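Structure first, commentary second.
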Amino acid sequence: MPVSCVAASEVPAEAGMVAVPVFAGCVLPEGSEIKLDVAFLEGAGFEGTVGQVQSFPTGDHTLTLVGMGSPDEVDAETFRRAAAAIVQAAWRTPEVTTTLLDALPQDGIDRMRAARAIAEGTGMAAYEFLAYKSSVTPCRLETVTVVDPAAGSDAVVQRALDHGSTVAEAVRLARDVVNEPAGTLTPTRLAELATEIADREGLTIEVLDDVAIAEAGLGGLSGVAQGSHEPARLIELRYEPPGEASATLALVGKGITFDSGGLSIKSADPMMTMKTDMSGAAAVMAAMSALPALGAQVRVLGFLPVTENMPGGGAIKPGDVVRIRNGKTVEVLNTDAEGRLVLADGLSLAAERAPDAIVDVATLTGAQIVALGPKIAAVLGNHEGLLDQVRRAGERAGEAVWPLPLPEEYRKDIDSDVADLKNIGQPGKAGAVVAGLFLQEFVAGVPWAHLDVAGPARADTDYGYVKKGATGVAVRTLLELITTFEPLS
Ligand code: BES
Ligand code: MN
Ligand code: ZN
0 MPVSCVAASE
10 VPAEAGMVAV
20 PVFAGCVLPE
30 GSEIKLDVAF
40 LEGAGFEGTV
50 GQVQSFPTGD
60 HTLTLVGMGS
70 PDEVDAETFR
80 RAAAAIVQAA
90 WRTPEVTTTL
100 LDALPQDGID
110 RMRAARAIAE
120 GTGMAAYEFL
130 AYKSSVTPCR
140 LETVTVVDPA
150 AGSDAVVQRA
160 LDHGSTVAEA
170 VRLARDVVNE
180 PAGTLTPTRL
190 AELATEIADR
200 EGLTIEVLDD
210 VAIAEAGLGG
220 LSGVAQGSHE
230 PARLIELRYE
240 PPGEASATLA
250 LVGKGITFDS
260 GGLSIKSADP
270 MMTMKTDMSG
280 AAAVMAAMSA
290 LPALGAQVRV
300 LGFLPVTENM
310 PGGGAIKPGD
320 VVRIRNGKTV
330 EVLNTDAEGR
340 LVLADGLSLA
350 AERAPDAIVD
360 VATLTGAQIV
370 ALGPKIAAVL
380 GNHEGLLDQV
390 RRAGERAGEA
400 VWPLPLPEEY
410 RKDIDSDVAD
420 LKNIGQPGKA
430 GAVVAGLFLQ
440 EFVAGVPWAH
450 LDVAGPARAD
460 TDYGYVKKGA
470 TGVAVRTLLE
480 LITTFEPLS
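FYI, in numbering that gives the first Met the number 0 the residues of the sequence shown are 0 to 488.
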């Protein structure tokens with residue numbers, strides 16, 4: 000059960016905890032009636048930095064101070080992190096009320112953005128994956144009541160909170176699907192789940208099975224799947240906006256439910272987390288599940304090539320050649336570079352629909368992790384205006400996204416002796432960039448951005464609203480991009 004965020008015009012009497020924002024240096028927002036003993040707080044180590052909390056039992060409830068940092072630097076991310084800190088502090092308290100909106104900056108993000116961010120931080124921070132725990136003490140928090148400092152606008156604040164809760168719910172869905180073990184989350188099961196979600200939320204869905212995939216000429220997806228007992232699926236989702244669509248966006252998500260590496264098999268350590276290799280597909284599916292509730296104005300098409308990458312007896316062999324949907328042939332020299340093969344088919348299908356733009360999301364390369372680490376995604380693409388929108392969407396959504404180039408000079412690295420392309424470049428040289436150059440061959444000149452989230456897809460510790468395990472990365476960036484998309488010139 001997710002935590003619900005509700006708006007109110009004053010602090011309800013029954014709150015078990017009241018959480019109050021405090022700026023750096025223990026300065027309270029203007030108009031606050033609380034008196035703080037600054038010397039005592041500083042002695043206790045509370046300085047009001049973002050996400051710091053200090054709780055006090057009072058007569059009828061717990062008073063929790065929540066650090067907001069410098070008042071000039073308060074932005075949406077501050078509210079997300081502050082909300083997450085409240086959830087942490089209130090883990091065992093069913094009802095919490097907060098006056099966080101009192102910390103709204105004079106000239107910065109507006110109240111609606113702040114309210115959204117509070118609901119996002121709350122829902123994401125309350126996430127737990129307990130499906131396989133026999134003995135659990137789950138979070139007891141049920142309701143966070145957000146006090147609206149401006150009188151009479153509860154309904155508007157409530158709409159913003161609902162928007163944020165919907166976004167958080169999508170992130171939680173993506174985390175659940177990625178955290179689910181590959182033994183149960185097979186391509187077949189993922190397609191069933193996508194069907195349930197599509198039916199429930201009002202999206203259109205079409206699923207191609209292994210036979211239909213081969214008939215459709217998706218040679219990259221078929222090739223990767225042939226070493227597994229589990230049949231592949233191609234999932235196509237569609238969101239049609241209520242009015243006339245302002246644009247059409249196509250999303251493509253890498254859906255390798257388990258990446259053993261295939262015959263170019265991975266060693267034990269890097270293989271341990273490879274159930275994460277369908278994070279791109281999970282992000283696209285989860286983001287699209289939220290579009291009807293958010294009332295997005297853009298038509299969105301989702302293409303999810305889903306398969307295991309296994310070294311079974313029928314597995315694709317280094318040196319084999321596959322033919323991608325768009326007709327190009329690829330020499331597969333390393334079967335562990337499988338993501339680009341299935342994405343090539345997904346991108347080809349997307350490009351056939353001539354959308355205004357294509358965005359793909361993939362845990363594509365270890366090189367992305369070398370370049371940017373676990374907290375920053377790489378973005379690459381062929382259209383500056385689109386790249387800029389993706390970057391800014393990421394920034395507003397609180398997901399760090401940084402550009403890498405697509406240099407023409409490196410294109411020859413993926414020339415093959417026997418086919419149109421080979422699926423690897425030079426070892427140890429710009430792996431994330433070369434993978435991007437490979438993908439570019441399949442977008443037919445449509446404006447396209449590629450998000451490599453190999454690092455950010457997993458967290459190895461809890462931090463703020465991110466929980467150890469699957470992060471649900473890219474869901475927020477995609478939703479922000481879709482709901483603010485401006486036609487490209
Ligand atoms: N799924 C991996 C990339 C990955 C690595 C994701 C670590 C998350 C964490 C991908 O399929 C892969 O194996 N890429 C290879 C490509 C190489 C063989 C050209 C890589 O990056 O090592
Ligand atoms: Mn791989
Ligand atoms: Zn992979």
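The beta-carbon is built from N, C-alpha and C at its ideal position, and this holds for glycine as well.
Model, not experiment: these values are computed from the prediction.
(1) Can you look up Gln-296 in the DSSP assignment and give me helix, strand or coil?
(2) Between the alpha carbons of Asp-36 and Thr-121, how many angstroms are there, rounded?
(3) Under 8 Å, do Arg-298 and Ala-244 count as touching if we go by C-beta distance?
(4) In this structure, does DSSP put Phe-55 in helix, strand or coil?
(5) If you draw a straight line from the C-alpha of Ala-366 to the C-alpha of Val-21, how long is it?
(6) Beta-carbon separation of Leu-207 and Arg-237 under 8 Å?
(7) Under 8 Å, do Thr-476 and Glu-398 count as touching if we go by C-beta distance?
(8) Which residue marks the beginning of the beta strand (DSSP E) containing Gly-380, and which one marks its end?
(9) In three-state DSSP terms, what is Tyr-238?
(10) For Leu-363, verify whether its CB is less than 7 Å away from any heavy atom of the ligand BES.
(11) By the three-class DSSP mapping on this structure, what secondary structure does Met-270 have?
(12) To the nearest angstrom, how far is the alpha carbon of Ala-282 from that of Leu-184?
(13) Nearest to Asn-308 by alpha carbon, out of Asp-276, Arg-322, Asp-319, Ala-285?
(14) Between the stretch 97–110 and the stretch 9–23, do at least 3 Cβ pairs fall closer than 8 Å?
(15) Tell me whether the beta-carbon of Ala-113 lies closer than 8 Å to the beta-carbon of Ala-169.
(16) Quick check: the Cα distance between Met-16 and Thr-470, rounded to an integer number of angstroms?
(17) May I ask you to report which of helix, strand or coil DSSP gives Lys-327?
(18) Counting only the same chain and skipping the five closest in sequence on each side, list residues whose C-beta sits under 6 Å from that of Ala-84.
(19) Quick check on DSSP: helix, strand or coil for Gly-201?
(20) What residue range does the beta strand (DSSP E) around Met-309 cover?
(21) Out of curiosity, what's the CA-to-CA distance linking Arg-115 and Thr-144?
(22) Taking a contact to mean a Cβ-Cβ separation below 8 Å, would you say Gly-242 touches Gln-296 in this structure?
(23) Three or more C-beta pairs closer than 8 Å, one from the stretch 185–201 and one from the stretch 128–144: is that the case here?
(24) Alpha helix (DSSP H) containing Leu-385: first to last residue?
(25) Which residue marks the beginning of the beta strand (DSSP E) containing Leu-248, and which one marks its end?
(26) Report the partner residues of Leu-450 according to the DSSP bridge assignment.
(27) May I have the straight-line CA-CA distance separating Val-210 from Gly-294, to the nearest angstrom?
(28) Considering just the uninterrupted stretch of the alpha helix (DSSP H) at Asp-147, what are its terminal residues?
(29) Helix, strand or coil for Ser-3, going by three-state DSSP, please let me know.
(30) Please tell me whether, using a cut-off of 7 Å, the distance from the CB of Asn-422 to the nearest non-hydrogen atom of the ligand MN is below it.
(31) At the level of alpha carbons, what is the spacing between Glu-214 and Ser-133?
(32) Within the same chain, show all residues whose beta-carbon is closer than 6 Å to that of Asn-325, passing over the 5 residues directly before and after it, in chain order.
(33) To the nearest angstrom, report how far apart Leu-386 and Ala-14 are at their CA atoms.
(34) Any heavy atom of the ligand MN closer than 7 Å to the CB of Asp-344?
(35) Only counting the same chain, and skipping five residues up and downstream in sequence, which positions put a Cβ closer than 6 Å to that of Val-358?
(36) Which of helix, strand or coil does DSSP assign to Gly-435?
On the basis of the supplied data:
(1) Translated into positions along the sequence shown, residue 296 becomes position 297. Note: Gln-296 maps to coil in three-state DSSP.
(2) Against the sequence shown, residue 36 aligns to sequence position 37. Against the sequence shown, residue 121 aligns to sequence position 122. Cα-Cα distance, rounded: 28 Å.
(3) As a working mapping, residue 298 is identified with position 299 in the sequence shown. As a working mapping, residue 244 is identified with position 245 in the sequence shown. Yes.
(4) Residue mapping note: residue 55 aligns to position 56 of the sequence shown, counting from 1. In the structure shown, Phe-55 sits in a strand (DSSP, three-state: E or B).
(5) Within the sequence shown, residue 366 is the residue found at index 367, counting from 1. Within the sequence shown, residue 21 is the residue found at index 22, counting from 1. Spanning the two alpha carbons is a distance of roughly 41 Å.
(6) Mapped onto the sequence shown, residue 207 falls at position 208. Mapped onto the sequence shown, residue 237 falls at position 238. Cβ distance not < 8 Å, so Leu-207 and Arg-237 don't count as in contact.
(7) Indexing the sequence shown from 1 puts residue 476 at position 477. Indexing the sequence shown from 1 puts residue 398 at position 399. Taking 8 Å as the Cβ cut-off, Thr-476 and Glu-398 qualify as a contacting pair.
(8) Here residue 380 is taken as the residue at index 381 of the sequence shown, counted from 1. Gly-380 -> beta strand (DSSP E) spans 376–380.
(9) As a first step, residue 238 is located in the sequence shown; it is residue number 239 there, counting from the start. In the structure shown, Tyr-238 sits in a strand (DSSP, three-state: E or B).
(10) In the sequence shown, counting from the first residue as 1, residue 363 sits at position 364. The answer is yes for Leu-363.
(11) As a working mapping, residue 270 is identified with position 271 in the sequence shown. Residue state, collapsed to three classes: helix.
(12) The count along the sequence shown starts at 1 and reaches residue 282 at position 283. The count along the sequence shown starts at 1 and reaches residue 184 at position 185. Cα to Cα, Ala-282 sits roughly 15 Å from Leu-184.
(13) For the purposes of this step, residue 308 is identified with residue 309 of the sequence shown, where counting begins at 1. Asn-308 has its Cα closest to that of Asp-276, out of Asp-276, Arg-322, Asp-319, Ala-285.
(14) yes
(15) In the sequence shown, counting from the first residue as 1, residue 113 sits at position 114. In the sequence shown, counting from the first residue as 1, residue 169 sits at position 170. Not in contact: Ala-113 and Ala-169 (Cβ atoms no closer than 8 Å).
(16) For the purposes of this step, residue 16 is identified with residue 17 of the sequence shown, where counting begins at 1. For the purposes of this step, residue 470 is identified with residue 471 of the sequence shown, where counting begins at 1. Approximately 28 Å, taken between the alpha carbons.
(17) Here residue 327 is taken as the residue at index 328 of the sequence shown, counted from 1. Coil.
(18) Mapped onto the sequence shown, residue 84 falls at position 85. So the qualifying residues of the chain are Gly-50, Val-52, Val-65.
(19) In the sequence shown, the residue the question calls residue 201 occupies position 202. It is coil, neither helix nor strand.
(20) For the purposes of this step, residue 309 is identified with residue 310 of the sequence shown, where counting begins at 1. No beta strand (DSSP E) holds Met-309; DSSP gives it neither H nor E.
(21) Along the sequence shown, read from residue 1 onward, the residue named residue 115 stands at position 116. Along the sequence shown, read from residue 1 onward, the residue named residue 144 stands at position 145. Their Cα atoms are separated by approximately 13 Å.
(22) In the sequence shown, residue 242 corresponds to position 243, counting from 1. In the sequence shown, residue 296 corresponds to position 297, counting from 1. Contact flag set, yes.
(23) no
(24) As a working mapping, residue 385 is identified with position 386 in the sequence shown. First-last of the alpha helix (DSSP H) with Leu-385: 383–396.
(25) Numbered from its first residue, the sequence shown carries residue 248 at position 249. Counting along the chain, the beta strand (DSSP E) containing Leu-248 begins and ends at 247–252.
(26) By 1-based counting over the sequence shown, the position of residue 450 is 451. Partner(s): Val-360, Val-378.
(27) What you label residue 210 is simply residue 211 of the sequence shown in a count that begins at 1. What you label residue 294 is simply residue 295 of the sequence shown in a count that begins at 1. Roughly 36 Å separates the two Cα atoms.
(28) Looking up residue 147 in the sequence shown gives position 148. That residue, Asp-147, is in no alpha helix (DSSP H); it is neither H nor E in DSSP.
(29) One-based indexing of the sequence shown puts residue 3 at position 4. Of the three classes helix, strand and coil, the one that applies to Ser-3 here is strand, per DSSP.
(30) The residue labelled residue 422 in the question sits at position 423 within the sequence shown. No, the ligand MN has no heavy atom inside 7 Å of this Cβ.
(31) Within the sequence shown, residue 214 is the residue found at index 215, counting from 1. Within the sequence shown, residue 133 is the residue found at index 134, counting from 1. Their backbone Cα atoms lie some 45 Å apart in a straight line.
(32) By one-based count along the sequence shown, residue 325 stands at place 326. Answer for Asn-325: Ser-347, Phe-441, listed in chain order.
(33) Along the sequence shown, one-based indexing puts residue 386 at 387. Along the sequence shown, one-based indexing puts residue 14 at 15. Going by the C-alpha atoms only, they are around 45 Å apart.
(34) For this step, residue 344 is matched to residue 345 along the sequence shown. It does not: the Cβ of Asp-344 is nowhere closer than 7 Å to a heavy atom of the ligand MN.
(35) Along the sequence shown, one-based indexing puts residue 358 at 359. Once the five neighbours on either side are set aside, the close Cβ partners of Val-358 are Leu-250, Ala-448.
(36) As a position in the sequence shown, residue 435 is number 436, starting the count at 1. In the structure shown, Gly-435 sits in a helix (DSSP, three-state: H, G or I).
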